[in-house]
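> Structure in structure tokens, see below.
Number of protein chains: 2
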Amino acid sequence: MDQHLKEETLSTSVLYRGRIVNVRQDRVKLPSGKTAFREVVEHPGAVAILALDEEERVVLVRQYRQPAAAVLMEIPAGKLDPGEDPLHCAQRELAEETGLQGNSWRPLGWFYLSPGFSDEKIYLYLAQGLSKVPSPVPADEEETVEMVKLPLSEALDMVVRNELKDAKTVIALQLYRLSAP
Amino acid sequence: MDQHLKEETLSTSVLYRGRIVNVRQDRVKLPSGKTAFREVVEHPGAVAILALDEEERVVLVRQYRQPAAAVLMEIPAGKLDPGEDPLHCAQRELAEETGLQGNSWRPLGWFYLSPGFSDEKIYLYLAQGLSKVPSPVPADEEETVEMVKLPLSEALDMVVRNELKDAKTVIALQLYRLSAP
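Chain order of the listed sequences is D and B.
Number 46 in the working numbering belongs to position 46 of the first sequence; there are no gaps in the numbering.
One gets the working numbering by counting positions in the second sequence from 1 and adding 1000 to each.
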């Protein structure tokens, strides 16, 4: 049904191979018949976790982000290892970044972050029934994160006031709020 | 106050210069004193518009996205030209993609889409009081988009059912819903 919108890939070439991302350039045939180039950033995909404790406080992490040149407050998150199941990755990242585990996990959906130029998908999960992991998990040596717990209502107020600047964090908080029974 | 989290840039080098993005690698000093590399995708930034008509229908565009290899339904959006004011860009993109103009514009906030590796910021606007632009605006020759209008309530249901897959679209719809008086 979308034949009138579809672009056909004619050829592809990798222009950059990096530590996290690759960049490729595809030559495509447009619906008009003309050709164009599409630059695509390839990313392994990511997960993020909305972790809520018994008192409906949300677990956030504060972390310096070099691309933003600032400390941002975000829900725990991380990149998928090759072939890794997103739920397994979410459980691993929550333990690594916060020392917490959940006894109840539920998917909140997945999203493209910047589908105009990047294939990055993020899988969101809700984790509840939180407790400390029995034995500490080695954290990523190159990541310094600081855990903060905020009442969910306060975090949602911060979203509306545009004080939380991270897309996945905003989406997860709002999805929970709008889909809560 | 965030000195214990801050990373200091020691050196930087551009590894890739592309049509939309550049990739640079920064060598940073971590809070621990160790050094690490940070790969940063540089993007010019973007805008997106939640355009609502008199009957509270939201204007969406369907477009083939090469990174997703699929047609996605999104709010109108586009990249900033160098030095361009985000509101001006939003008005230009709405006209180019939908042939519409708004007589009332309000910022909904701005967000980082993937602050772990990308500096892309997106500025969101609410446009109301819609009418057709008096003289047609030349559209981007390389973009084929199809306009769809959906009742806001239906679009929000699609968010909760995870049928809308684009982060900016989800954020804008939810922000309007949660911040509406």
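Here a beta-carbon is modelled for each residue, glycine too, at the ideal position from N, C-alpha and C.
In chain order, what residues of the segment 52–68 of chain D put their CB closer than 9 angstroms to some CB of chain B?
So the close ones are Arg62, Gln63, Tyr64, Arg65, Gln66, Pro67, Ala68.
> Which residues in the same chain have their Cβ closer than 6 angstroms to the Cβ of Leu1126/B, if we skip the five residues on either side of it in sequence?
Here residue 1126/B is taken as the residue at index 126 of the second sequence, counted from 1. For Leu1126/B, where only same-chain residues beyond five positions count, the Cβ hits under 6 angstroms are Leu1050, Arg1106, Leu1108.
> Interface residues of chain B around Tyr112/D at Cβ under 8 angstroms?
Locating residue 112/D in the first sequence gives position 112, where the first residue counts as 1. Simply Arg1065, Pro1067, Ala1068, Leu1072, Lys1165, Asp1166, Ala1167.
> Consider the Cβ of Gly33/D: report whether some Cβ of chain E lies at a distance smaller than 9 angstroms.
No chain E appears in this structure, whose protein chains are D and B.
> According to DSSP, simplified to helix, strand and coil, what is Thr1098/B?
Within the second sequence, residue 1098/B is the residue found at index 98, counting from 1. The answer is helix: DSSP assigns Thr1098/B an H, G or I state.
> Output, in chain order, the set of chain D residues within a Cβ distance shorter than 8 angstroms of Asp1002/B.
If you number the second sequence from 1, residue 1002/B lands on position 2. Result: Arg62, Tyr64, Val71.
> Give the secondary structure of Lys121/D by DSSP, where H, G and I count as helix, E and B as strand, and everything else as coil.
Counting from one through the first sequence, the residue named residue 121/D turns up at place 121. Correct three-state label for Lys121/D: strand.
> Ends of the beta strand (DSSP E) at Thr1012/B?
Position 12 of the second sequence, counted from the start, is the residue given in the question as residue 1012/B. From DSSP, the beta strand (DSSP E) with Thr1012/B extends over 1008–1017.
> Are the CB atoms of Met1147/B and Thr1098/B within a distance shorter than 9 angstroms?
Residue numbering aside, residue 1098/B sits at position 98 when the second sequence is read from its first letter. Residue numbering aside, residue 1147/B sits at position 147 when the second sequence is read from its first letter. Yes, the pair counts as a contact, with Cβ atoms nearer than the cut-off.
> By the DSSP assignment, the alpha helix (DSSP H) with Arg27/D in it spans what residues?
As a first step, residue 27/D is located in the first sequence; it is residue number 27 there, counting from the start. Premise fails: Arg27/D lies in the beta strand (DSSP E), 22–29, not in any alpha helix (DSSP H).
> Using CA atoms only, rank isn't needed, just tell me which of Pro31/D, Val40/D, Glu7/D, Lys29/D is closest to Asn22/D.
Within the first sequence, the letter at position 22 stands for residue 22/D. The shortest C-alpha separation from Asn22/D is found at Val40/D.
> Once you ignore the five residues that flank Lys149/D on each side, which residues in its own chain have a CB closer than 8 angstroms to its CB?
As a first step, residue 149/D must be located in the first sequence, where it is residue number 149. Around Lys149/D: Asp53, Arg57, Val58, Val59, Leu60.
> Spatial neighbours of Phe117/D within its chain, please: CB distance less than 7 angstroms, with the 5 preceding and 5 following residues excluded, ordered by chain position.
Against the first sequence, residue 117/D aligns to sequence position 117. Once the five neighbours on either side are set aside, the close Cβ partners of Phe117/D are Glu39, Val40, Val41.
> Taking 9 angstroms as the threshold (beta carbon to beta carbon), is Asp1081/B in contact with chain D?
Numbered from its first residue, the second sequence carries residue 1081/B at position 81. Chain D contact via Cβ: absent.
> Measure the alpha-carbon distance for Gly45/D versus Arg65/D and round it to whole angstroms.
Indexing the first sequence from 1 puts residue 45/D at position 45. Indexing the first sequence from 1 puts residue 65/D at position 65. Their Cα atoms are separated by approximately 18 angstroms.
> Tell me whether Ile171/D sits in a helix, a strand or coil according to DSSP, three-state version.
Position 171 of the first sequence holds residue 171/D. Correct three-state label for Ile171/D: helix.
> With a threshold of 6 angstroms on Cβ separation, who are the neighbours of Glu120/D within its own chain once the five nearest residues in sequence on each side are excluded?
Within the first sequence, the letter at position 120 stands for residue 120/D. Here the set comprises His43, Leu113.
> Taking the beta strand (DSSP E) that Leu60/D falls in, what are its first and last residues?
Counting from one through the first sequence, the residue named residue 60/D turns up at place 60. Start and end: 57–65.
> Is Lys1029/B close to chain D? Criterion is C-beta to C-beta, closer than 9 angstroms.
Residue mapping note: residue 1029/B aligns to position 29 of the second sequence, counting from 1. No, Lys1029/B lies away from the interface with chain D (no Cβ there is under 9 angstroms from its Cβ).
> Applying the criterion that 16 or more other CB atoms from any shown protein chain within 10 Å of the CB defines a buried residue, is Phe1037/B buried or exposed?
Within the second sequence, numbered from 1, the residue matching residue 1037/B stands at position 37. Exposed, since its Cβ has fewer than 16 Cβ neighbours within 10 Å.
> Among Gln3/D, Arg27/D, His4/D, Lys6/D, which has the Cα closest to the Cα of Val14/D?
Here the question's residue 14/D lines up with position 14 in the first sequence. The candidate whose alpha carbon is nearest that of Val14/D is Arg27/D.
> By the 9 angstroms beta-carbon criterion, what residues does the segment 1104–1131 of chain B contribute toward chain D?
Within the segment 1104–1131 of chain B, the residues whose Cβ lies closer than 9 angstroms to some Cβ of chain D are Pro1107, Leu1108, Gly1109, Trp1110, Phe1111, Tyr1112, Leu1113, Ser1114, Pro1115, Gly1116, Phe1117, Ser1118, Asp1119, Glu1120, Lys1121, Ile1122, listed in chain order.
> Are Glu93/D and Val160/D closer than 9 angstroms when you measure CB to CB?
Within the first sequence, the letter at position 93 stands for residue 93/D. Within the first sequence, the letter at position 160 stands for residue 160/D. No, these two residues do not count as a Cβ contact at 9 angstroms.
> Can you tell me whether Glu1039/B is helix, strand or coil according to DSSP?
Numbered from its first residue, the second sequence carries residue 1039/B at position 39. Residue state, collapsed to three classes: strand.
> Grouping DSSP H, G and I as helix and E and B as strand, with all else coil, what is Val145/D?
As a working note, residue 145/D is residue 145 in the first sequence. It is a strand residue.
> Let me see if you follow: with CB-CB separation under 9 angstroms, is Thr98/D close to chain B or not?
Stepping through the first sequence from its first residue, residue 98/D is reached at position 98. False, the Cβ-Cβ gap to chain B never drops below 9 angstroms.
> Using only CA atoms, which one of Val1137/B, Leu1173/B, Gln1063/B lies nearest to Pro115/D?
Within the first sequence, residue 115/D is the residue found at index 115, counting from 1. Of the candidates Val1137/B, Leu1173/B, Gln1063/B, the one whose C-alpha sits nearest the C-alpha of Pro115/D is Gln1063/B.
> Going along chain D, which residues have a C-beta under 9 angstroms from Arg1177/B?
Here residue 1177/B refers to the residue found at position 177 of the second sequence. In chain order: Gln174, Leu178.
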